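Some notes on the structure that comes next.
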Amino acid sequence: MKVLVTGGTGYIGSHTTVELLANGHEVIIVDNLDNSSKIVLDRIEKITGKRPDFIEGDVLDTDFIVRVLKDNRVDAVIHFAALKAVGESVADPLRYYQTNVGGTVSVCKAMLATGVNKIIFSSSATVYGDQPIPYTESTPREPQNPYGRTKFVSELVLADVAAANPDFCAVALRYFNPVGAHPSGEIGEDPNGIPNNLMPYISQVAAGQREKLSVYGNDYPTKDGTAIRDYIHVADLAEGHLAALQKIYDPGFHTFNLGAGHGESVLEVIVAFEQATGQTIPYQFADRRAGDLAEYYADAALAESQLGWRVKRTITDASADAWHWQSGNPNGYKNVV
Ligand code: NAD
Ligand code: UD1
9 MKVLVTGGTG YIGSHTTVEL LANGHEVIIV DNLDNSSKIV LDRIEKITGK RPDFIEGDVL
69 DTDFIVRVLK DNRVDAVIHF AALKAVGESV ADPLRYYQTN VGGTVSVCKA MLATGVNKII
129 FSSSATVYGD QPIPYTESTP REPQNPYGRT KFVSELVLAD VAAANPDFCA VALRYFNPVG
189 AHPSGEIGED PNGIPNNLMP YISQVAAGQR EKLSVYGNDY PTKDGTAIRD YIHVADLAEG
249 HLAALQKIYD PGFHTFNLGA GHGESVLEVI VAFEQATGQT IPYQFADRRA GDLAEYYADA
309 ALAESQLGWR VKRTITDASA DAWHWQSGNP NGYKNVV
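Residue 266 in our numbering sits at position 258 of the sequence shown, with consecutive numbering throughout.
Written out as structure tokens, the structure reads:
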């Protein structure tokens, strides 16, 4: 297939592009480079021996997306392009609604205008909010912050477009906590400034770029008092997109959880990282982080039964790969010439 990958130079988009190219698909990336670098294209070529087409541009520009779809005879769209920082979404919700919901509307309009009717959308486990675990696809959606609500509303948009257009196939993949990097160490997560997320922070502590990790809360009602999440290796996540690409011959709107189906506590992640890398991670306990939940993980049975997909890699694999990336690229893609 010929696939338009929006946000394809970003963290998950770049790993998925590698997987698509390795499986014989053709890829056209559209990205405005708001949170990524063109160096990613060199790295993808180094890994796969193929260079994806790249067009710099904004998904909010519907006429531009129409031209890209028409000129390239695209079969399907994987729509990653979005903003993803929860705290920033609280401070500037309109920017988040505009880019994330407006971006989804714009991409759908361009698809309808050109007769492209297959889309895979990056959603998030954050759409569920504070609900009984494990989350299944029918767990009620009550997102707790503007970022989560933009994902929830985008899903509604896709469901309504699919209902109004009988040939339209939309798959929303609800990612749990993506971690790790490509095993080559060529591509990985490249956060700006102080990382918000656990694995990049641990990696930077291991690299000596940060003094110690603050473990947010050790008084949760969990086995060791620290919060539990369902960490999924980004290479498993990439494979989930390939599996979903097969599914999108069924018209309608479909959702799948992409997670491991079990969780690890913050302390377990630290131990796994230390064992995988031989590095020591100094840490201290700190107050709970506002908005954090004690524990959640996926019921991933639907993806297994309908897509034939399940995770293959462990948190230890993800730690080793994150460290390979971090130690080889201490500044991410920045300062690379
Ligand atoms: P990322 O920031 O690395 O990638 C997003 C890419 O989209 C970036 O390259 C950015 O430059 C691009 N982009 C942003 N706005 C754009 C616009 N208006 N037009 C064109 N390009 C634009 O993020 P990621 O971690 O790879 O996330 C990819 C998708 O997965 C996002 O939709 C995100 O919300 C979703 N998601 C991410 C996580 C996670 O933990 N990383 C979890 C759940 C869902
Ligand atoms: C966050 C986002 C979520 C997003 C997910 C992607 C919030 C509220 N949620 O989830 O929308 O989909 O990232 O991966 O921001 N932790 C520490 N110390 C740190 C960093 C994190 O102890 O320095 C803990 C957190 O309290 C949490 C766990 O590690 O318990 C995982 O944190 P993080 O990687 O930020 O992911 P989430 O909070 O689950």
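Backbone N, C-alpha and C define an ideal beta-carbon position, used for all residues, glycine too. In this text the structure is predicted, and so the values were computed from the model without any measurement.
Ranking Val344, Leu77, Ala172 and Gln254 by CA distance to the CA of Asp198 puts Val344 first. Cβ contact annotation for Lys220 (same chain, cutoff 7 angstroms, sequence separation greater than five): Val213, Pro290, Tyr291 and Gln292, in chain order. Only buried fits Tyr105, as 16 or more other CB atoms lie within 10 angstroms of its CB. For Asn31, the closest of Tyr143, Leu250 and Thr147 by C-alpha to C-alpha distance is Leu250. With a cut-off of 7 angstroms, the C-beta of Pro186 is classified as near the ligand UD1, since at least one heavy atom of the ligand falls inside that distance. One Cα belongs to Trp333, the other to Val124, and the distance between them is close to 36 angstroms. Annotation for Pro186: the continuous beta strand (DSSP E) segment containing it runs Asn185 to Val187. Here the alpha carbon of Val98 sits roughly 7 angstroms from the alpha carbon of Asn153. Taking every protein chain shown into account, the CB of Tyr228 has 16 or more other CB atoms within 10 angstroms, so this residue is buried. Sequence-distant partners of Thr112 (beyond 5 residues in either direction) whose C-beta falls short of 8 angstroms from its own C-beta, in its chain, are His87, Phe129, Ser162, Val165 and Leu166.
Between Val35 and Leu28, the C-beta gap is smaller than 8 angstroms, which places the two residues in contact. Not one heavy atom of the ligand UD1 falls within 7 angstroms of the beta-carbon of Arg149.
According to the DSSP secondary-structure assignment, Phe293 is paired through a beta bridge with Val223. Every residue with a CB closer than 5 angstroms to a heavy atom of the ligand UD1 is listed here in chain order: Val94, Ser132, Thr134, Asn185, Asn205, Leu206, Tyr209, Val223, Tyr224, Ala235, Arg237, Val274, Arg297, Gly299 and Asp300.
One thing to note: Gly188 has its Cβ no nearer than 8 angstroms to the Cβ of His262. DSSP, reduced to helix, strand and coil, places Asn265 within a strand of the structure shown. Closest in C-alpha terms to Ile52, from the list Leu41, Ile195, Ala308 and Gln254, comes Ile195. Not one heavy atom of the ligand NAD lies closer than 7 angstroms to the C-beta of Gly123. Of the residues Gly156, His33 and Ser44, the one whose Cα lies closest to the Cα of Met9 is His33.
DSSP lists Cys177 as the beta-bridge partner residues of Lys126. Rounded to whole angstroms, the separation of the alpha carbons of Thr144 and Val277 is 24 angstroms.
For Phe62, the enclosing beta strand (DSSP E) has its first and last residue at Asp61 to Glu64.
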